[in-house]
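Participant: Below is a structure I'd like to ask you about.
Protein chains: 2
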Amino acid sequence: MSIGEEAPRSRRRPRGDVRAGLVAAGVELARTGGPDAVVLREATRIVGVVPNAAYRHFADRDELLAEVCTVAMNELADRMATDIARVRGRRGTPGAAQRRLGAIGTAYLRFAHEEPGLFATAFAVPQQHGYNDRTPLGLLRDALDELVEAGVLDPQRREGIEYPIWSIVHGTAVLTGQGPLRDAPDLRQIESLSLAFIANSLT
Amino acid sequence: MSIGEEAPRSRRRPRGDVRAGLVAAGVELARTGGPDAVVLREATRIVGVVPNAAYRHFADRDELLAEVCTVAMNELADRMATDIARVRGRRGTPGAAQRRLGAIGTAYLRFAHEEPGLFATAFAVPQQHGYNDRTPLGLLRDALDELVEAGVLDPQRREGIEYPIWSIVHGTAVLTGQGPLRDAPDLRQIESLSLAFIANSLT
DNA sequence: AGTTAATGTGGACGGTGTCCACATAACTTC
DNA sequence: GAAGTTATGTGGACACCGTCCACATTAACT
Chain S
1 MSIGEEAPRS RRRPRGDVRA GLVAAGVELA RTGGPDAVVL REATRIVGVV PNAAYRHFAD
61 RDELLAEVCT VAMNELADRM ATDIARVRGR RGTPGAAQRR LGAIGTAYLR FAHEEPGLFA
121 TAFAVPQQHG YNDRTPLGLL RDALDELVEA GVLDPQRREG IEYPIWSIVH GTAVLTGQGP
181 LRDAPDLRQI ESLSLAFIAN SLT
Chain P
204 MSIGEEAPRS RRRPRGDVRA GLVAAGVELA RTGGPDAVVL REATRIVGVV PNAAYRHFAD
264 RDELLAEVCT VAMNELADRM ATDIARVRGR RGTPGAAQRR LGAIGTAYLR FAHEEPGLFA
324 TAFAVPQQHG YNDRTPLGLL RDALDELVEA GVLDPQRREG IEYPIWSIVH GTAVLTGQGP
384 LRDAPDLRQI ESLSLAFIAN SLT
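Chains S and P are the protein sequences, given in the same order. Residues in the first sequence are numbered consecutively from 1, following the working numbering. Residues in the second sequence are numbered consecutively from 204, following the working numbering.
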């Protein structure tokens, strides 16, 4: 009672702190081991709280995981937005428009193999997705609209073309990441082939 | 000891029977609930054997899961092969070659939403993949070779083009299956757009 | 027939998600 | 500022899971 005197574990944290901490801990777990590594008890252990405390903030583990997935998806969107913003050139310029589309694909693939755990988690949302507007699809649509604006992409081909294009990039990320192409010797080249295929199809 | 006389649970099954049974049970579990549903104890329960019996046939759960994944992947390849074989027309004929490529994409996507659990499991192999030669990629390569043979695809564009194409189909399957596009209203149309994108790119 | 290897059993351990009853701190209201 | 209410954390428990150990029994081989 007198010596040691470690910080009283039972003291309550500031409001909403535990919830945010659990999500943050979950994100770190997801970063290392993907969605399956988001284990509720481990998250509470990191925050320094008893397992049941989590149930004051989430109905069950899936609800925590959903939150973590949203964070992961936002992280992907943020990194894409950053790389897009780095491309110089006025909006509507053919070259700049094409480079921005390229940046989208590159950023997407880079995130997938720099943060494989978060990437897998972003797409592992168990139920409803609460993704906001700055989403990978939204960014892609912007880029494609600009491509039309710049006269590179025929407006007649514009409608719905985001789906095949997203599919190529996402499929490449998945197949070369955790999929059957995971230990192909020429991963980078496969990625390049996919991006070139897109660029080639839009001219 | 005299009444009831249920079949002696402890009687040993014929050799290799338990192993095959566990894999079969695992496949059924995967069919219903995907890779996470392949739970070792449940599989042994289905076979009618004690949990530890599984460890005489598999080092751990992952080894059982790997086997189940292989079965799932073979199932996908088999269905693709069946649909390809259904396409009439001599090898090398432009029309037939194109229809066979179309059959590949269609069969792939059909399997993905007819058997979502097995599809997810096929690509969830935990470690090494023991897939044989009649694999989706192999079938796709055949079709592309035929397309060159038929004069539809420029031989110069042939090398490595299987990767973008596989990526489109796989990406579409994943995004519209368990991914963010899962509850888009026009799933079929998205799939059509992807397949059309491929066909359009090869002419 | 007797030995050996393969296979199944029983029991246990630590880990996980989740439920219940209880305690306590923080906010509200007078 | 005191009293009551609500939000939040605690302790303990349960069922389920993967996995390990020691033991039993069957099948195969000499």
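All C-beta atoms, glycine included, are put in the ideal place defined by N, C-alpha and C.
Kindly indicate if chain P contains any beta-carbon less than 8 angstroms away from that of isoleucine 168 of chain S.
Facilitator: The residue labelled residue 168 of chain S in the question sits at position 168 within the first sequence. Yes, because at least one Cβ of chain P sits closer than 8 angstroms to the Cβ of isoleucine 168 of chain S.
Participant: Please name the residue in S/Ala24, S/Arg157 and S/Leu118 whose C-alpha comes closest to that of alanine 173 of chain S.
Facilitator: For the purposes of this step, residue 173 of chain S is identified with residue 173 of the first sequence, where counting begins at 1. Nearest option by C-alpha distance: S/Leu118.
Participant: Going by beta carbon distance, what residues of the same chain come within less than 8 angstroms of arginine 99 of chain S, once the five residues before and after it are set aside?
Facilitator: Your numbering for residue 99 of chain S matches position 99 in the first sequence. Correct list, in chain order: Val87 and Gly89.
Participant: Go through its chain and collect everything with a Cβ distance to histidine 113 of chain S's Cβ below 7 angstroms, but skip five positions before and after it.
Facilitator: Within the first sequence, the letter at position 113 stands for residue 113 of chain S. Contacts found: Gly177.
Participant: Quick check on phenylalanine 400 of chain P - is its C-beta less than 8 angstroms from some C-beta in chain S?
Facilitator: Taking the first residue of the second sequence as position 1, residue 400 of chain P is located at position 197. So, interface residue.
Participant: To which residues of the same chain is isoleucine 401 of chain P closer than 8 angstroms at the C-beta, ignoring the five residues directly before and after it?
Facilitator: As a first step, residue 401 of chain P is located in the second sequence; it is residue number 198 there, counting from the start. Correct list, in chain order: Leu304, Gly308, Ile368, Ile371 and Val372.
Participant: Cα-Cα, which of S/Val148, S/Leu147 and S/Thr121 is closest to threonine 32 of chain S?
Facilitator: On the first sequence, residue 32 of chain S is found 32 positions in, with the first residue counted as 1. Of the listed residues, the one whose Cα sits closest to threonine 32 of chain S is S/Thr121.
Participant: Considering only the alpha carbon of each residue, which of S/Leu109, S/Thr82 and S/Thr135 lies closest to serine 192 of chain S?
Facilitator: Mapped onto the first sequence, residue 192 of chain S falls at position 192. Of the candidates S/Leu109, S/Thr82 and S/Thr135, the one whose C-alpha sits nearest the C-alpha of serine 192 of chain S is S/Leu109.
Participant: Between the Cα of glycine 179 of chain S and the Cα atoms of P/Tyr366, P/Ala327, P/Arg344 and P/Leu340, which residue gives the shortest distance?
Facilitator: Counting from 1 along the first sequence, the entry for residue 179 of chain S is found at position 179. Glycine 179 of chain S has its Cα closest to that of P/Ala327, out of P/Tyr366, P/Ala327, P/Arg344 and P/Leu340.
Participant: From serine 213 of chain P to leucine 225 of chain P, what does the alpha carbon distance come to, in whole angstroms?
Facilitator: Here residue 213 of chain P is taken as the residue at index 10 of the second sequence, counted from 1. Here residue 225 of chain P is taken as the residue at index 22 of the second sequence, counted from 1. Model confidence at serine 213 of chain P stands at a pLDDT of 44, short of 50, so the residue's coordinates are unreliable and nothing is read from them.
Participant: State the CB to CB distance for the pair valine 242 of chain P and leucine 232 of chain P, rounded to an integer number of angstroms; the pair is presumed to be in contact (CB under 8 angstroms).
Facilitator: For the purposes of this step, residue 242 of chain P is taken as residue 39 along the second sequence, with counting starting at 1. For the purposes of this step, residue 232 of chain P is taken as residue 29 along the second sequence, with counting starting at 1. Yes, valine 242 of chain P and leucine 232 of chain P are in contact; Cβ-Cβ is about 7 angstroms, under 8 angstroms.
Participant: Select from the stretch 374 to 389 of chain P all residues with a C-beta closer than 7 angstroms to any C-beta belonging to chain S, and list them in chain order.
Facilitator: Per Cβ criterion, the list reads Gly374, Thr375, Val377, Leu378, Gly382 and Pro383.
Participant: Just to confirm my understanding: we take isoleucine 190 of chain S, look at its own chain, exclude 5 residues before and 5 after, and list those with CB closer than 7 angstroms. What are they?
Facilitator: By 1-based counting over the first sequence, the position of residue 190 of chain S is 190. Thr172, Thr176, Leu181 and Ala184, listed in sequence order.
Participant: Going along chain S in order, which residues have a C-beta closer than 9 angstroms to the C-beta of glycine 320 of chain P?
Facilitator: As a position in the second sequence, residue 320 of chain P is number 117, starting the count at 1. Neighbours of glycine 320 of chain P on chain S: none; closest Cβ ~15 angstroms, over 9 angstroms.
Participant: Comparing the C-beta of isoleucine 393 of chain P with each C-beta of chain S, is any distance below 8 angstroms?
Facilitator: Here residue 393 of chain P refers to the residue found at position 190 of the second sequence. Chain S contact via Cβ: present.
Participant: With 8 angstroms set as the bound, which would you pick, yes or no: does the beta-carbon of tyrosine 108 of chain S sit closer than that to a beta-carbon of chain P?
Facilitator: Residue 108 of chain S sits at position 108 when you count from the first residue of the first sequence. Not an interface residue.
Participant: For a test of the three-state rule: what should DSSP assign to alanine 184 of chain S, helix, strand or coil?
Facilitator: Residue numbering aside, residue 184 of chain S sits at position 184 when the first sequence is read from its first letter. Here alanine 184 of chain S sits in coil by DSSP.
Participant: Note down the Cα distance separating threonine 296 of chain P from serine 397 of chain P, rounded to an integer number of angstroms.
Facilitator: Start at 1 with the first residue of the second sequence, and residue 296 of chain P comes out as number 93. Start at 1 with the first residue of the second sequence, and residue 397 of chain P comes out as number 194. The alpha-carbon atoms of threonine 296 of chain P and serine 397 of chain P are separated by roughly 24 angstroms.
Participant: Tell me the residue span of the alpha helix (DSSP H) that contains histidine 57 of chain S.
Facilitator: Numbered from its first residue, the first sequence carries residue 57 of chain S at position 57. Taken as a continuous stretch (DSSP letters only), histidine 57 of chain S belongs to no alpha helix (DSSP H), as it is neither H nor E.
Participant: Just the Cα atoms here: how many angstroms apart are threonine 338 of chain P and leucine 279 of chain P?
Facilitator: Along the second sequence, read from residue 1 onward, the residue named residue 338 of chain P stands at position 135. Along the second sequence, read from residue 1 onward, the residue named residue 279 of chain P stands at position 76. Using only the alpha carbons, I get a separation of about 8 angstroms.
Participant: Given a threshold of 16 other Cβ atoms within 10 Å of its Cβ, counted over all protein chains shown, does glycine 26 of chain S qualify as buried or as exposed?
Facilitator: For the purposes of this step, residue 26 of chain S is identified with residue 26 of the first sequence, where counting begins at 1. With 16 or more other Cβ atoms within 10 Å, it is buried.
Participant: Measuring straight from C-alpha to C-alpha, what distance separates glutamate 162 of chain S and arginine 41 of chain S?
Facilitator: As a working note, residue 162 of chain S is residue 162 in the first sequence. As a working note, residue 41 of chain S is residue 41 in the first sequence. Cα-Cα distance, rounded: 40 angstroms.
Participant: Does the Cβ of valine 271 of chain P have 16 or more other Cβ atoms within 10 Å, making it buried, or fewer, making it exposed?
Facilitator: For the purposes of this step, residue 271 of chain P is identified with residue 68 of the second sequence, where counting begins at 1. Counting Cβ neighbours within 10 Å, valine 271 of chain P comes out buried, since at least 16 surround it.
Participant: What does glycine 209 of chain S reach in chain P if we use C-beta pairs closer than 8 angstroms?
Facilitator: Because chain S here runs from 1 to 203, residue 209 of chain S falls outside it and cannot be looked at.
Participant: Would phenylalanine 58 of chain S count as contacting chain P if we go by Cβ distances under 8 angstroms?
Facilitator: The count along the first sequence starts at 1 and reaches residue 58 of chain S at position 58. Chain P contact via Cβ: absent.
Participant: I want to verify the contact list: residues of chain P whose CB lies under 7 angstroms from the CB of tyrosine 55 of chain S, in sequence order.
Facilitator: As a position in the first sequence, residue 55 of chain S is number 55, starting the count at 1. Within chain P, no residue comes near tyrosine 55 of chain S; the closest Cβ sits about 22 angstroms away, beyond 7 angstroms.
Participant: What's the gap between the Cα of threonine 70 of chain S and the Cα of phenylalanine 58 of chain S?
Facilitator: The residue labelled residue 70 of chain S in the question sits at position 70 within the first sequence. The residue labelled residue 58 of chain S in the question sits at position 58 within the first sequence. Answer to the nearest angstrom: the Cα atoms are 15 angstroms apart.
Participant: Excluding the five sequence neighbours on either side, which residues of its own chain have a C-beta within less than 6 angstroms of the C-beta of arginine 344 of chain P, listed in chain order?
Facilitator: As a position in the second sequence, residue 344 of chain P is number 141, starting the count at 1. So the list reads Glu365, once near-sequence residues are dropped.
Participant: Go ahead and pull the three-state DSSP assignment for arginine 79 of chain S.
Facilitator: Taking the first sequence and counting its residues from 1, one reaches residue 79 of chain S at position 79. Three-state result, arginine 79 of chain S: helix.
Participant: If we call anything under 8 angstroms between Cβ atoms a contact, is methionine 276 of chain P one with leucine 342 of chain P?
Facilitator: Stepping through the second sequence from its first residue, residue 276 of chain P is reached at position 73. Stepping through the second sequence from its first residue, residue 342 of chain P is reached at position 139. No; because the gap between Cβ atoms is not below 8 angstroms, this pair is not in contact.
Participant: On the premise that leucine 268 of chain P lies in contact with proline 329 of chain P, defined as a C-beta separation below 8 angstroms, what is that separation, rounded to the nearest angstrom?
Facilitator: Stepping through the second sequence from its first residue, residue 329 of chain P is reached at position 126. Stepping through the second sequence from its first residue, residue 268 of chain P is reached at position 65. Yes, proline 329 of chain P and leucine 268 of chain P are in contact; Cβ-Cβ is about 6 angstroms, under 8 angstroms.
Participant: Compare the beta carbon distance of glutamate 159 of chain S and arginine 91 of chain S with 8 angstroms and say whether it is the shorter of the two.
Facilitator: Position 159 of the first sequence, counted from the first residue, corresponds to residue 159 of chain S. Position 91 of the first sequence, counted from the first residue, corresponds to residue 91 of chain S. Taking 8 angstroms as the Cβ cut-off, glutamate 159 of chain S and arginine 91 of chain S do not qualify as a contacting pair.
Participant: Please classify threonine 203 of chain S as buried or exposed, where buried requires at least 16 neighbouring CB atoms within 10 angstroms.
Facilitator: Along the first sequence, read from residue 1 onward, the residue named residue 203 of chain S stands at position 203. So threonine 203 of chain S ends up on the exposed side.
Participant: So for arginine 86 of chain S, helix, strand or coil by DSSP?
Facilitator: Here residue 86 of chain S is taken as the residue at index 86 of the first sequence, counted from 1. If DSSP states are grouped into helix, strand and coil, arginine 86 of chain S belongs with the helices.
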